[in-house]
C-alpha cells in the first residue's frame, strides 16, 4: 500500500515539474537602483526581572535583513528580518552592540549602540524638557543617567497614555493639541526591577501679540477687568460694514467706578520703533462715546501713555485712530488698557455696551473717509477694502510701474462665483449719477481677455437699493480702462434708480465663475462726469468703425470677415458689412463675436439683422451665449424670402431667460447643410440691433 502511495506522489510531482514553464527574469533595474540602507537605529528593551534578558529591535530604511552582533563574545550574529527582533541574555556590564543592515544587492550599512545591563536602579538622572523655540506647542525631551538602559516618557496630555521609549543621546518630541499645563514624566530603566523617575511641569501658552483680532481658537485672551468694566470675546453680533469677522471683544461697563475698564498683557513689549499709530474698530451704541486706549509698563503702571478719541457714528462699525507719535520709546510697554466713557459710571445696559476689534499698530493716519476717485496713492487715505466669498485683496504695486500703488485681488481656488471686494465701508458722499452721467471706470490688469468683471453700487444702509453692470476684459497682461454703464444693468438685476443714495461700490472679478486662482491688479476707480463710448464692441453692430476690432471666431467651415459693402442698394447703403462664406466643414459651421458687456434684455427682446442672401429659403440662425459657458444660450432661426437683395430679418427673443448673462452673438447660415465655399454659400449681414 505504501509503495502505491509513494508512486502516486512521485507521478504527481513529475507532472508538476513537466507542466511548469521556466520563465526568464532578467530585469535587474529594480536591484540596480537599490540604495544603501539608511537611518539605522536600535531599541533595547530589558526585562526588569534581574534575568538580563534584552529584546533588541533594529530599525532602518532599505534594509532587507539585519545582523546583530551582541558584543558579549558571542561570535555568530543573530539575523533579524525587518519588523522583527532578537532576544539575548546578558550579564551585568556595558556592551557595544553592532548592527549591520543588508539591502537586496548585498550592500551594507552598520552602526553601534552602547548597551548597559545593570540590575541597579539608574542613578544621577538628568532630564531636559523644554518647549521648542519655533513651535510653542512642541516639547523636546532628552535624558541621561548612570546604569540606565533606556527611558520612557509620558507627556501627560491623554488618559491611559502609552509612553514613548528612547535612548540616551536621543531627543524625542511631542506636539500638544492645546494650551495648558502638562506634567512630563521620564522613567529611567535598567535590567532590574527598580526604576528612577523625573517629572517636570510644562506650561503651553500662546502669547497674545499685535495685531489682535480675537479670531484664534488657541489664544487665551486673559483680560484683567476692573471697577465695573467687563471685556470678553464673543461671536460678532454685527458682522457688517467694515467688520465682517467672526469674533470680536465686547465691553460692558457696569456700575463700579467712572474709570471702569479692562486690560490685557501682550506676550512681548510693543515695538514702537517704526509704527506709532494705533487703529481699532469700534461699534458704539451712540455718537460721542469716549474711547481711551492706554499702554503701560508691565511692572510699573506709572510708566504709561494714553490717547482718547470719540465715536462719530452710532450702531455701526468705525475705525478709530489713536496717535501715539509722542510716546517715549525708551520705555517698555506691554499692557494695553481699554476704558469707555472715562468719567461716567456705567449701568451695564445696552447704552454702555461696546464692541471692539482689529487692534493694530500702523504708521498712517487715514483721512476722515474714502471718496471717489480712488487712486490708492494718497498716504493719508485709508484704502481698506472688504473681501467676501473667499476673495483675497492686498496692497500691491503696478507690475509695469513700481512707483504706482494698486490693489491686487486673487480669486482663490474654490472661491464663490459671487466672490468680490467692497471698496471701503462707503464713500464720503453719494456717487453723483444723473440721467446723462451713468458711468464709472476702473483700470484693470487682467490675466486674460474675455473675463467678465461686474461692478455693483448700493446704498450702504440698505443693500436692496443697488444696481449692477458688467464689462469684459479685452486684453491680457496689460492695463485697460473698463467702462461700467449703470444705465445698462446686468441681466436679472435691478434698474438704475437715480433717487437712491448710491455710496458704496463693490467689484467682482471673473463674476459667475468658481475661483481658479486668477490674479487681477486694479486701480483708479472713477465716476465719469460725462458718459463715454466704450472702446469694445457693443450693440448695435454696424461694422462701420475703423478703430474697433470686429474679432469673429470662425468654427467648422464658417468664415466671417468685415468688408466694404459690395451691394449698396435697397435698405442698406452703409459702407461696411460682414460677409459669411460657409465652406466645407460641418453642417453647423458659423462664426461668433464677443461683446464688451452683457446684452441688456431687460426691456428690448427682439433682434433685427439685415441679410443679403444668394437665394430664398436660406435658413439664418441667430444665437446668444454666456461668455464662459456656451451651454447657457438662446437662439432663433428664420428663413430668407428674397434672393440677391437686402432684407431685414426679425428674431423674437421674448422667451429668453433674462436671469442669465449673454455676451456672445453667434451667426449660422443654413444650419444642417454643409457649405462648399461657393457664391451659393456666401451671405452678407449688417446692422444687428436689439429693438
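In our numbering, the protein residues as written are 121 to 811.
By construction, the Cβ of each residue, glycine as well, lies at the ideal position given by its N, Cα and C atoms.
The model shown is predicted, which means the values in this text are computed figures rather than measured ones.
- The beta carbon of residue 240 sits closer than 7 angstroms to the beta carbons of 267, 310, 312 from its chain, once the five residues preceding and following it are set aside; these are given in chain order.
- Note: residue 190 is not bridge-paired with any residue in the DSSP secondary-structure output.
- Annotated three-state conformation of residue 799 is helix, per DSSP.
- For residue 472, the three-state secondary structure derived from DSSP is helix.
- Annotated three-state conformation of residue 178 is strand, per DSSP.
- Restricted to the stretch 303-376, the beta strand (DSSP E) segments that are unbroken, complete and at least 3 residues in length are 315-324, 343-346, 349-355, 367-373, listed in chain order.
- Take the alpha-carbon of residue 437 and the one of residue 714: they are about 43 angstroms apart.
- For residue 572, the enclosing beta strand (DSSP E) covers residues 572-579.
- In the three-state reduction of the DSSP assignment, residue 729 falls in the strand class, which pools E and B.
- Judged by DSSP in its simplified three-state form, residue 296 adopts coil rather than helix or strand.
- Residue 676 and residue 723 have their C-alpha atoms roughly 34 angstroms apart.
- Taken in chain order, the complete beta strand (DSSP E) segments of 3 residues or longer contained in the stretch 191-267 are 198-200, 206-209, 213-222, 228-237, 243-251, 258-266.
- A residue is called buried when at least 16 other Cβ atoms come within 10 angstroms of its Cβ; residue 733 meets this threshold and is buried.
- By the Cβ test, the stretch 444-461 is in contact with the stretch 415-422, since at least three Cβ pairs between them sit closer than 8 angstroms.
- The C-beta separation of residue 562 from residue 575 comes to about 7 angstroms, placing the pair in contact by the 8 angstroms criterion.
- Between the alpha carbons of residue 760 and residue 638 lies a gap of roughly 45 angstroms.
- Taking a cut-off of 8 angstroms for Cβ pairs, the stretch 243-261 and the stretch 292-301 touch, as three or more such pairs fall below it.
- One alpha carbon belongs to residue 658, the other to residue 684, and they sit about 20 angstroms apart.
- Residue 217 is positioned such that its CB atom lies closer than 8 angstroms to that of residue 235.
- Around the CB of residue 533, fewer than 16 other CB atoms lie within 10 Å, so the residue is classed as exposed.
- For the pair residue 666 and residue 634, the Cα-to-Cα distance works out to about 37 angstroms.
- C-alpha of residue 811 to C-alpha of residue 564: approximately 32 angstroms in a straight line.
- The closest CA to that of residue 196, considering only 252, 186, 231, 775, is found on 186.
- Secondary structure of residue 616 (DSSP, three-state): coil.
- Within the same chain, Cβ atoms closer than 6 angstroms to the Cβ of residue 156 are found at 227, 229, the five residues on either side in sequence being excluded.
- In this structure, DSSP gives residue 706 a state outside helix and strand, which the three-state scheme calls coil.
- Closest option to residue 174, judged by alpha-carbon separation, among 671, 222, 458, 269: 269.
- Cβ contact annotation for residue 630 (same chain, cutoff 6 angstroms, sequence separation greater than five): 531, 571, 638, in chain order.
- Proximity to residue 477 across 220, 362, 300 peaks at 362, based on C-alpha coordinates.
- Spanning the alpha carbons of residue 466 and residue 376 requires a straight line of approximately 7 angstroms.
- With contacts defined by Cβ atoms closer than 8 angstroms, residue 535 and residue 461 do not form a contacting pair.
- With a beta-carbon spacing of about 23 angstroms, residue 345 and residue 388 fall beyond the 8 angstroms limit used to define contacts.
- Around the beta carbon of residue 745, 16 or more other beta carbons sit within 10 angstroms, so the residue counts as buried.
- For residue 601, the enclosing beta strand (DSSP E) covers residues 599-605.
- Bridge partners of residue 679 according to DSSP: 701.
- For residue 245 and residue 314, the gap between their C-alpha atoms comes out near 13 angstroms.
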